[in-house]
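Residue numbers (my numbering), protein chains in the order written: chain A, 14 to 308; chain B, 14 to 308; chain C, 14 to 308; chain D, 14 to 308.
The beta carbon of each residue, even a glycine, is placed where N, CA and C say it ideally should be.
Fair warning: this is a prediction, and the values are worked out from it, not measured in the lab.
Down below is the structure, laid out as structure tokens.
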């Protein structure tokens with residue numbers, strides 16, 4: 014018995030969580046195996062520090078993903094690891110005032126050394142200085158992250174691999190992150206202007222010209238919505254799966270069912286949709302394993 | 014790459030959801046492979062109608078489980094299926110007044126025919142009449158469910174298999190279920206007295222005499238707490254995993270972290286505990302697959 | 014501006030959480046002011062230790078509630094407080110092994126002294142011995158709790174006040190609690206048999222004979238479902254509000270929307286239903302304040 | 014009995030939800046009454062369409078708020094209402110394909126006419142054209158929203174009132190919204206460049222120069238984090254309350270406890286922090302009512 018068998022049995026249950034899991038595997042298999050699909054993934058929450066760095070880098074390297082939309086935090090963590098830092102295993106019950114004194118910052122049970130944040134600032138400023146000033150005066154986030162990826166020769170880095178494979182990483186909320194602070198401090202003394210309109214034009218072009226668009230949504234937030242809204246110009250995406258712990262009945266976009274997006278013209282129809290209720294850092298590797306298993 | 018490899022990699026991440034999933038697989042593997050363990054499972058939420066009937070029946074048949082604690086609803090659904098009824102695939106957006114008129118009852122996106130409920134009542138009364146009156150006057154729920162299991166010759170039935178394997182099914186909330194209504198209507202005209210103290214004595218004996226006690230908690234509710242409280246007489250259980258979507262910060266027992274139970278003397282220590290945040294009907298088959306894979 | 018004005022404005026918003034809150038206030042006002050209603054409340058989660066002891070005792074004392082269905086844990090806490098013990102303010106980050114050594118048990122950020130649990134056992138055994146043996150040999154939980162209430166002369170005690178006002182407290186899961194352990198230990202040496210069928214007959218009678226039945230559901234679990242299922246013999250309840258943090262899409266009964274119960278014949282129709290998403294220990298006092306304010 | 018009395022009683026409970034609610038009222042009272050405080054509010058989720066438009070506009074008008082950070086969606090909805098459109102009351106069970114055909118878009122149980130979205134595009138382009146081109150070539154989001162507010166003479170509009178009171182509205186994710194699409198389409202044919210660095214400089218200046226900084230966080234997302242990260246240059250904010258339904262144990266920023274931010278230097282200490290578990294569209298008006306009641 015393998016996980017792909019389990020997934021098929023689950024879809025046969027037809028109801029509740031198992032049906033949604035089984036359907037998500039089937040959709041993901043279609044997205045990965047049908048060359049008509051241009052596939053996008055959105056990353057929100059602790060995706061990179063939560064252990065999915067290798068999983069996503071591998072998918073980019075194998076050209077199973079065509080574009081990424083992410084929070085600034087996930088880019089920040091990829092860069093920190095590319096600079097040689099590792100997170101520490103902590104606990105959610107540690108005293109945050111004491112951690113502060115000891116130079117440690119906390120994300121649930123994960124710790125980051127303040128030293129890593131400081132190294133990131135230096136490295137960011139150094140890498141920015143190597144970008145030609147003319148480019149720096151009007152740069153998209155995906156262009157900026159390609160520049161960083163080129164300068165971070167870590168084979169396991171998502172930024173590096175995406176640059177090597179010419180896969181754009183869009184970061185519409187880049188300003189709201191540790192990396193964003195570094196961009197802002199640099200901009201106070203040096204020419205730097207990030208132009209998110211260029212990002213959006215690129216994303217609209219990519220989705221508009223794709224034969225089919227598939228989206229994998231890990232967590233909610235701004236990344237979730239971004240490929241969907243850009244796809245409204247093409248009449249919506251063709252396939253979408255989301256993995257989320259956010260609830261629908263608060264009315265926020267993060268927990269909203271994918272079906273809602275049909276009424277906004279961002280998704281084409283009900284057939285190729287599945288919401289998996291769960292933790293993306295656990296469920297996405299399992300869905301991927303099942304979707305890539307030979308049947 | 015197999016799911017047991019993924020689970021080991023997840024445990025190596027050391028933080029967040031992956032660490033908890035990986036650790037849960039390791040604990041479950043120990044519970045299933047170490048003969049010192051007497052293993053209990055608690056079932057709350059739509060475990061049987063959600064497709065786990067075969068999974069749990071197989072574990073009982075292979076003697077990997079030694080006792081079950083369940084809500085009345087899961088027993089009700091096992092019996093309905095043993096009587097030949099199947100659930101229907103519906104949707105969570107159906108109109109419940111119309112369903113009522115059409116003789117259908119809903120659990121999220123799953124439908125049950127009213128006819129199945131009526132057949133259950135007849136079958137329950139018939140099976141009760143076949144139990145000797147002396148036994149009926151003071152019967153534990155596990156004894157009652159063995160009697161039913163004997164009379165329901167469906168190899169896929171949890172009740173039937175548990176009876177065949179002499180595994181007790183405890184149902185402390187049996188009164189609060191469709192089956193419970195049938196017991197009550199029967200008791201209005203016939204001698205029937207269910208004695209939950211007999212159940213508890215049996216459960217305390219089983220846990221007290223076990224070399225080690227392991228618990229798998231699917232969902233919360235009364236079943237979650239029951240093996241833990243019975244184990245307080247032996248100083249707590251040795252290993253426990255729970256799969257839940259309930260949150261801890263409301264303070265309810267269903268979402269409570271397992272660690273709390275240490276302070277009540279119901280769990281021995283921190284080493285063999287893992288909470289998996291997710292939907293039990295999806296996660297338990299995956300955890301089981303990983304835990305039983307040959308390494 | 015008073016909270017009842019806010020509630021009316023919220024209902025006028027017509028959508029999302031505010032509409033549900035405003036509607037719940039209106040339903041509760043109707044239940045409290047229309048003499049046709051027999052009102053039941055179900056208590057699950059840390060309702061008594063979470064500060065609602067006075068709120069519910071006052072409603073019982075003013076005869077605004079006609080019946081209560083509760084977990085064993087809430088009865089346990091009411092008795093502990095009636096014996097003069099108080100909970101301590103702790104924190105959710107305390108070390109549970111150390112708490113155990115110090116004789117403290119934890120519920121999220123609340124601590125209970127082990128001494129209180131020991132005193133409860135002695136008091137329970139003493140109070141049981143004062144109940145005539147003939148009565149003890151076949152007693153409903155509501156009769157048992159009236160006996161305890163009579164012997165616990167604390168005006169703020171829910172058990173005491175309910176006994177004084179002849180309001181039954183049903184406790185279908187009494188066995189699964191610290192109090193339940195004490196009943197079981199007593200039963201090992203003394204005659205004691207609790208008969209839940211008697212409870213259910215009383216509850217069915219009460220709901221069957223009521224002109225209208227209203228239900229307030231705090232938290233989920235077994236108590237949530239109990240008044241609803243008992244009301245199926247009268248064609249369902251007339252009005253219901255629930256306050257819950259449990260989510261609907263896992264399929265469990267605790268998080269299920271009230272609408273589902275219509276398809277089971279446990280609620281009459283869509284008009285008088287409202288689900289408030291939130292923490293019952295916070296929302297119920299606020300809803301009650303708004304519902305009882307003179308308009 | 015008034016809600017401020019209830020809040021004080023809740024804080025006296027000392028544990029669980031009531032303690033957090035009571036403490037949040039006390040912190041909010043301090044923020045609103047102590048002139049040393051510069052107060053910021055972050056808006057994520059359906060805050061404006063969920064009925065809080067008047068509440069927040071009133072607080073801005075009374076100068077109890079000094080700055081706002083919001084998602085693009087909330088600005089979009091404020092503008093739609095300022096143009097005379099109203100949302101419709103729908104249901105979460107409507108068929109989204111049919112809604113699409115009928116020109117309606119859905120947010121849980123709320124409907125927006127497609128016509129409103131089209132009017133917004135025309136109005137946005139018209140208002141943009143009235144902004145001097147030199148300004149348009151390098152404009153912060155708070156400057157842009159002041160320009161719109163000036164041109165939208167609706168006394169109940171948050172944009173209009175904020176402009177009239179010179180309160181900046183920061184919108185770091187403006188691109189990811191219907192309004193953002195309109196900005197992008199305009200920019201394809203006309204000079205327009207939005208410079209988020211200018212926003213961040215303004216926000217850092219405001220927080221750096223404040224004697225004390227207080228933050229009210231409604232929902233999570235990018236707005237939640239923004240005032241906190243900008244305040245890291247002053248050593249963190251002095252007081253913060255958050256209202257959220259997102260859970261902490263997934264590790265995402267939206268559900269993270271405020272305590273984590275201490276370890277990042279974004280909050281000063283443990284004293285003036287409170288997380289209220291609940292729906293912001295319900296809880297914020299209630300907290301505000303309690304905090305502004307005369308004691």
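Practice prompt. In the DSSP assignment, find the alpha helix (DSSP H) that holds residue 243/C and state where it starts and stops.
Written response: 234 to 243 is the span of the alpha helix (DSSP H), which, as asked, contains residue 243/C.
Worksheet item: Would DSSP call residue 269/A helix, strand or coil?
Response: coil
Item to complete: Give a yes or no on whether the C-beta atoms belonging to residue 251/C and residue 227/C are separated by under 8 Å.
Response: The answer is yes: Cβ separation under 8 Å.
Discussion item. Let's test the definition: count the other Cβ atoms within 10 Å of the Cβ of residue 237/D and tell me whether it reaches 16, buried, or not, exposed.
Written reply: buried
Fill in: Member of 188/B, 106/B, 203/B and 114/B whose CA lies at the smallest distance from the CA of residue 140/B
203/B
Worksheet item: Going along chain D, which residues have a C-beta under 7 Å from residue 29/B?
Response: 264
Discussion item. Looking only at its chain, what residues have a beta carbon closer than 7 Å to the beta carbon of residue 244/D, apart from the 5 residues adjacent to it on each side?
Written reply: 220, 226, 250 and 279
Worksheet item: Candidates 198/D, 217/D and 182/D: which alpha carbon is nearest residue 136/D's?
Response: 198/D
Worksheet item: Could you give the distance in angstroms between the alpha-carbon of residue 277/A and the alpha-carbon of residue 246/A?
Response: 11 Å
Worksheet item: Going by other Cβ atoms of all chains shown within 10 Å of its Cβ, with 16 needed for buried, is residue 111/C buried or exposed?
Response: exposed
Item to complete: With a 10 Å radius around its C-beta and 16 neighbouring C-beta atoms as the bar for buried, classify residue 266/A as buried or exposed.
Response: Buried, since its Cβ has 16 or more Cβ neighbours within 10 Å.
Practice prompt. Sort 26/D, 161/D and 188/D by Cα distance to residue 138/D and report the nearest one.
Written response: 161/D
Worksheet entry | Sequence ranges, beta strand (DSSP E) only - wholly within the stretch 44 to 83 of chain D, length at least 3 | Correct list: 50 to 56 and 80 to 83.
Worksheet entry | Under 8 Å (Cβ pairs) to chain A, residues found in the stretch 241 to 264 of chain C | Only those residues of the stretch 241 to 264 of chain C whose C-beta falls short of 8 Å from the nearest C-beta of chain A are listed: 260, 261, 262, 263 and 264.
Worksheet item: Using Cβ-Cβ distances below 7 Å, what residues of the stretch 279 to 295 of chain C are close to chain A?
Response: 290
Worksheet item: On the three-pair Cβ rule with 8 Å, is the stretch 37 to 45 of chain B touching the stretch 298 to 308 of chain B?
Response: yes
Practice prompt. Taking 8 Å as the cut-off, decide whether the C-beta atoms of residue 151/B and residue 206/B are in contact.
Written response: If you check the CB distance, residue 151/B and residue 206/B come in under 8 Å.
Worksheet entry | Beta carbon of residue 262/B nearer than 8 Å to that of residue 121/C | The Cβ atoms of residue 262/B and residue 121/C sit closer than 8 Å to each other.
Fill in: Partners in chain D for residue 145/A, counting only beta-carbon separations shorter than 7 Å
Within 7 Å Cβ-Cβ: nothing; residue 145/A doesn't reach chain D, min ~19 Å.
Worksheet entry | Reference residue 172/B; option with closest CA among 253/B, 119/B, 72/B and 258/B | Ranking 253/B, 119/B, 72/B and 258/B by Cα distance to residue 172/B puts 72/B first.
Worksheet item: So which residues of chain A does residue 314/D contact, with C-beta pairs closer than 7 Å?
Response: In the structure displayed, chain D extends from 14 to 308; residue 314/D sits before or after that span and is not available.
Practice prompt. Answer with yes or no whether the minimum CB distance from residue 121/B to chain A is below 8 Å.
Written response: yes
Practice prompt. Mark residue 80/B as exposed unless 16 or more other C-beta atoms lie within 10 angstroms of its C-beta, in which case mark it buried.
Written response: buried
Worksheet item: Closest to residue 200/D by CA distance: which of 96/A, 92/A, 264/A and 212/A is it?
Response: 212/A
Worksheet entry | According to DSSP, residues forming a beta bridge with residue 130/A | Residue 130/A is not bridged to any residue.
Worksheet entry | Own chain, CB closer than 7 Å to residue 167/C, minus 5 neighbours either side, in chain order | In its chain, beyond the 5 residues on either side, 95 and 173 have a beta carbon closer than 7 Å to the beta carbon of residue 167/C.
Discussion item. Taking a contact to mean a Cβ-Cβ separation below 8 Å, would you say residue 288/C touches residue 33/C in this structure?
Written reply: yes
Worksheet item: What is the DSSP secondary structure of residue 183/C, counted as helix, strand or coil?
Response: Assigned with DSSP and collapsed to three states, residue 183/C falls in strand.
Discussion item. Residues in the same chain with beta-carbon distance under 7 Å from residue 224/B, minus the five sequence neighbours each way, listed in chain order, please.
Written reply: 49
Discussion item. DSSP has residue 11/A in a bridge; who is on the other side?
Written reply: Since the first residue shown for chain A is 14 and the last is 308, residue 11/A is missing from the structure and cannot be characterised.
Practice prompt. Output the distance between the C-alpha atoms of residue 118/D and residue 84/B, rounded to the nearest integer angstrom.
Written response: 41 Å
Discussion item. I'd like to know if residue 207/A contacts chain B, where contact means its C-beta is closer than 8 Å to some C-beta of that chain.
Written reply: So no, residue 207/A is outside the interface.
Practice prompt. Tell me where the alpha helix (DSSP H) around residue 227/B begins and ends.
Written response: No alpha helix (DSSP H) holds residue 227/B; the beta strand (DSSP E) holding it covers 225 to 231.
Discussion item. Report the CB separation of residue 255/A from residue 271/A in whole angstroms; it is logged as a contact under 8 Å.
Written reply: 6 Å
Worksheet item: On the premise that residue 133/C lies in contact with residue 89/C, defined as a C-beta separation below 8 Å, what is that separation, rounded to the nearest angstrom?
Response: 7 Å
Practice prompt. Output the residue ranges of the alpha helix (DSSP H) runs that lie fully inside the stretch 152 to 184 of chain D and measure 4 residues or longer, sorted by chain position.
Written response: 154 to 164 and 171 to 177
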